[in-house]
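Undergrad: With the working numbering applied, the sequence shown covers 353 to 553.
Backbone N, C-alpha and C fix where the C-beta goes; we use that ideal spot for every residue, glycine too.
Remember, it's a predicted structure, so these values are computed and weren't measured experimentally.
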Amino acid sequence: MLNFNGEIWSSHLLRYIYTGSLELKDMEVDDILTLLGLVHQYGITAFVKAISDYLYGALTAENVCAIADVTRLLDRKDFMKKCYEFIDENTLSVMEHESFCNLSYEMVSSVLDRDSLNIEEIDLFQAIHKWCTRNDETGEKKNTIYDKIRYAAIPRKNLILTVRPTGVVNSDQLLDIICTQDNTPKEQKAHLYRAISRKFK
353 MLNFNGEIWS SHLLRYIYTG SLELKDMEVD DILTLLGLVH QYGITAFVKA ISDYLYGALT
413 AENVCAIADV TRLLDRKDFM KKCYEFIDEN TLSVMEHESF CNLSYEMVSS VLDRDSLNIE
473 EIDLFQAIHK WCTRNDETGE KKNTIYDKIR YAAIPRKNLI LTVRPTGVVN SDQLLDIICT
533 QDNTPKEQKA HLYRAISRKF K
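#1: I'd like to know whether the C-beta atoms of Thr-443 and Phe-431 end up nearer to each other than 8 angstroms.
#2: What does the alpha-carbon distance come out to for the pair Lys-599 and Leu-407?
#3: Who are the Cβ neighbours of Met-447 in its own chain at under 6 angstroms, not counting the five residues just before and after it?
#4: Taking Ile-497 and Val-520 to be in contact with their CB atoms under 8 angstroms, please state how far apart those CB atoms are, rounded to whole angstroms.
#5: Using a Cβ-Cβ cut-off of 6 angstroms (strictly less than) and excluding sequence neighbours within five positions of Leu-426, which residues of its own chain qualify?
#6: To test your reading of the DSSP string, which unbroken alpha helix (DSSP H) runs of 4 or more residues are found completely within the segment 381 to 427?
#7: For Pro-517, name the three-state secondary structure that DSSP assigns.
#8: For Cys-484, is the classification buried or exposed, using 16 other Cβ atoms within 10 angstroms of its Cβ as the cut-off for buried?
#9: Is the beta carbon of Ser-404 sitting closer than 8 angstroms to the one on Arg-428?
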């Protein structure tokens, strides 16, 4: 559960309880998310819906990662669906923003499971590699993240010039990836690609 914040409680939540109104547009996103955690914790259903409805229309590449992590913690499946849809449509912008490096392991992992991301796989690899170097995840967790990259969907030139120097895949793995590219029938290659690439395959 989110940490209790006395200032948010006194200045915003109590105002809503006593007046029935609150101007969310005047608040910072972090404060809104803290408030969302509080009203969720205390079961103020109408206010949970009001905040969620407001955030639906306020999603940006800058704030969607923070919002998605909080809504995951609160198990707000309806709101998570909206966050996923936004990330699908704006994948590159989201992953290029610095806030992506603050996204939790659980959220990064779930995003990588999606077929509907609008991003080339090489750009996705670079974003994930940056996330891994900025975070402390090691061993099995880091391997799990890297294993969700669809290397066979990355052009050979990018495999050699961009992926190989990182050391994420070794020479034998790289050869296996290239063999997969060469030996996969054209009609079966569509499953290798995510949303943006499928349009052109």
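TA: For this structure:
#1: no
#2: Not covered by the structure: residue 599. The range shown for the chain is 353 to 553.
#3: Ala-479
#4: So it is not a contact: roughly 10 angstroms between Cβ atoms.
#5: His-392
#6: 381 to 393, 397 to 408, 416 to 425
#7: helix
#8: buried
#9: yes
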